[in-house]
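Chains as they are written, first to last, in my numbering: chain A, 4 to 325; chain B, 25 to 270. Just below is one structure, and these are the notes that go with it.
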C-alpha cells in the first residue's frame, strides 16, 4: 500500500506544484505508515527524478514513451499505477491536468474526490477529513471522504514543502495504454514573456485606474523589478486593454500568490473572490473609500501613476542592496 | 446535432455567505440564485450558436429539486429547446455526474457542454467524470469551439500559449471565457420558455462518496496598514521584514 502522487511534467521539468503535491503526499504517508510513489511521464532526467526524494518520494515511476500529454492516455496510466501500487490515497495538483485526471479516476473507480484541498487531511481509522475553499474563496468547507480509496487534489501554493537529503529510486513504468482521441494540432505562443500567472508567487495587477493600455509600462516595470507576473481586473480584459488570460477574479482565474499588488482596482467582490487567497495584499488607489482597502494588508492612498514608478525604484534599490 | 448542456444553480456573485444548522448548511435565506455563469455565458450560449449554425437541438440538464426551476426557465428563455431536471439534491460532483451520465448514456448526444467550474463549489470535476462515465474524450477549459461535420476544433489556454486541438464527436467539453458572449433573454424568449418541456426524471441510486461536515468563514483581516505614498522604501521594508514576501 502506498500514497500515489501524480507529478505533471512539461518540457521535461517537474513543476513546482508537483513538489508541493509530493510533500503533501508524504504528510499523509507519515500518518498512515506508508510511503510515497510518484508517477510521471515524458522526457525527464533520472537526476531530477531521484531528487524528488527530497520532497518525500520513495519511488518514482516514469513512462518515457508518453511524449504528448493526453487526458485519456494519462488517465489510463494513472489507473494502472493505482493497481500496481495498491494505492489507497491518490494525490494530484489542482492544476489543468490534475483536475481532469482526478475527476476521471474518481469516476472510474468510484473513489471519493476532494478537488482543491488546502489542508493536510485529518485521518481517523478509515475516515479522512480535509478542507477546501468554497464560494469562490469566501468560505471553507471540511469534507469527509467516505470511500476506502481516497483521491485529493492539492490547491497550488497551499503549503511550503521542507526538503531533506533523501533520494528516490526510479523505475520505468510501461503498461499498455490507449492513444487519446483528441490531438494537439499546434501550440500558438502568446506574446507575453515571463512568469505564468497561475504559478506566480508575486503578482502586480492593475485596473481601470490606469486609464488605457498604453499606460501598462509602469505596471510591467514594477513586475520586472520584482520578478512578478502581471494581471488585471475584468473591465480591463473586457475592453481588450490586456489579454483575457490575465483576468483574475470570479469569472477569470483565481490566484493565491504570496504578494498581490493591485493598482487602480476598486476591489469589487467578484475581483476579491479571485485574489483573496493571496498571503499579502497591497492596494494602491486614489480613492481612500475603495472597498479593496478593507481586504488589504497594506494600503497606499495615492495616484498609481506616481506611486508605481516610486515603488519600482524602491524595489530596485532594495534588490541592489540585498 | 444533439447538444446537452449542464446547468447548475449558484448564488449571485455579490452574495454575502453565511451558514445555518451549526455550520453544516449554506444559508439560502434572501439569497438571489443565478445560473452558474460558466454554464450560462459559455456552455449554453455556445451550444445555441452551434445549433443555429448547424441545426439540431439544445437540451439542458440540471440535478436539483424544484427550487432549481427558476434558473432552468432562465436557460430556456435564453433559447434552449427543452430541459431535464433530475429530481435530487446535488450532494457532490460524483453524484451530479452520475445522474447526468445515467440520463445521457442512451440519448445519442453529440456534444456535452458544461461550465469549467461552478462559482459555489469550484471543483472542476463534473466534466471529467462525465467523460469517463460516458466513455467520451474530454477537453477542459476550452475557450473556442468550432464544429465541421463530426469534427471539432478547439482552443484552450495552456502554459505559455494557446493549444489548438482536434477530435471527433461525441465529446465532453468544459467551457471557459472566450467561448461566447452572454445573452440577455428577451420578452419573446421569456414567454416561450413557459411552454417549453421541463422533463422531471427521478434519480438513480448513488452513494455519497464525499460530504461536507462543516463550513467556516475566514477570520477578519486586521486593519489595513496605510503607507505614505511618498515613502515607498517603507513599503518595501515592510514587505521584506514584516510580511516576508520579498
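Just so you know, even glycine gets a beta-carbon here, dropped at the ideal spot from N, CA and C. The model shown is predicted, which means the values in this text are computed figures rather than measured ones.
When the alpha-carbon of residue 206(A) is set against those of 283(A), 4(A) and 264(A), the nearest one is in 264(A). Bounds of the alpha helix (DSSP H) holding residue 153(B) are 150-158.
For the beta strand (DSSP E) assignment, the uninterrupted runs of no fewer than 3 residues enclosed by the stretch 47-87 of chain A are, from N- to C-terminal side, 60-66. Neighbours of residue 148(A) in chain B, taken as residues whose beta carbon is under 8 Å from its own, are 233 and 234 in chain order.
From the beta-carbon of residue 76(B), no residue of chain A is found nearer than 9 Å; the closest lies around 24 Å away. Bounds of the beta strand (DSSP E) holding residue 172(B) are 162-172. For residue 181(B), the residues of chain A that pass the 7 Å Cβ criterion are 248, in the order they occur in the chain. Leaving aside the five residues that flank residue 276(A) on each side, the residues in its chain whose CB is nearer than 6 Å to its CB run, in chain order, 139, 140 and 253. Residues of chain A whose Cβ lies closer than 9 Å to the Cβ of residue 253(B) are, in chain order, 287, 303, 304, 305, 306, 309, 310 and 313.
Between residue 325(A) and chain B, the shortest Cβ-Cβ separation is below 9 Å.
At a cut-off of 9 Å between C-beta atoms, residue 161(B) counts as an interface residue with respect to chain A. Residue contact check for residue 83(A) against chain B: no CB pair falls below 9 Å. Contact of residue 240(B) with chain A by beta-carbon distance below 9 Å involves 134, 142, 143, 144 and 145. Within the stretch 187-242 of chain B, the runs of alpha helix (DSSP H) at least 4 residues long that lie entirely inside it are, in chain order, 211-218. By the criterion of a C-beta distance shorter than 6 Å, residue 125(B) is surrounded in its chain by 154, 157 and 158, once the five residues flanking it on both sides are discounted.
If you compare the alpha carbons of 145(A), 171(A), 226(A) and 187(A) with that of residue 176(B), the shortest gap goes to 187(A). About 18 Å separates the CB atoms of residue 198(A) and residue 220(A); that is not less than 8 Å, and the two are not in contact. Straight through space, the alpha carbons of residue 323(A) and residue 77(A) are spaced by roughly 45 Å. In chain A, no part has a C-beta under 9 Å from the C-beta of residue 92(B); the shortest such distance is about 18 Å.
CA-CA distance, residue 245(B) to residue 297(A), rounds to 8 Å. Cβ proximity to chain A below 8 Å picks out 143, 144, 145, 146, 147, 148, 149 and 150 from the stretch 129-150 of chain B. For a cut-off of 8 Å, the C-beta gap from residue 57(B) to residue 95(B) is around 6 Å, short enough to register as a contact. Taking 9 Å as the threshold, the shortest C-beta distance from residue 257(B) to chain A falls below it.
DSSP assignment within the stretch 276-317 of chain A yields the following whole alpha helix (DSSP H) runs of 4 residues or more, N-terminal first: 295-298. Here DSSP, grouped into helix, strand and coil, assigns residue 105(B) to coil. Going by DSSP, residue 154(A) is part of the beta strand (DSSP E) stretching over 153-157.
Under the DSSP assignment, residue 99(A) falls in the alpha helix (DSSP H) whose first and last residues are 99-112.
The beta-carbon separation of residue 307(A) and residue 266(A), rounded to 4 Å, stays under the 8 Å limit for a contact. In its chain, beyond the 5 residues on either side, no residue has a beta carbon closer than 6 Å to the beta carbon of residue 241(B). Residue contact with chain B for residue 59(A): absent (no Cβ-Cβ distance below 9 Å to any residue of chain B).
A contact is defined here as three or more CB-CB pairs under 8 Å, and the stretch 204-223 of chain B fails this definition with respect to the stretch 178-190 of chain B. Here residue 35(B) is bridged, per DSSP, to 57(B).
Between the alpha carbons of residue 51(B) and residue 37(A) lies a gap of roughly 40 Å. Excluding sequence positions up to five before and after residue 69(A), its CB lies within less than 8 Å of the CB of 44, 45, 76, 77, 80 and 180, all in the same chain and listed in chain order. Residue 44(A) is bridged by DSSP to 66(A). Note on residue 181(B): 16 or more other CB atoms within 10 angstroms of its CB, so buried under the neighbour-count rule.
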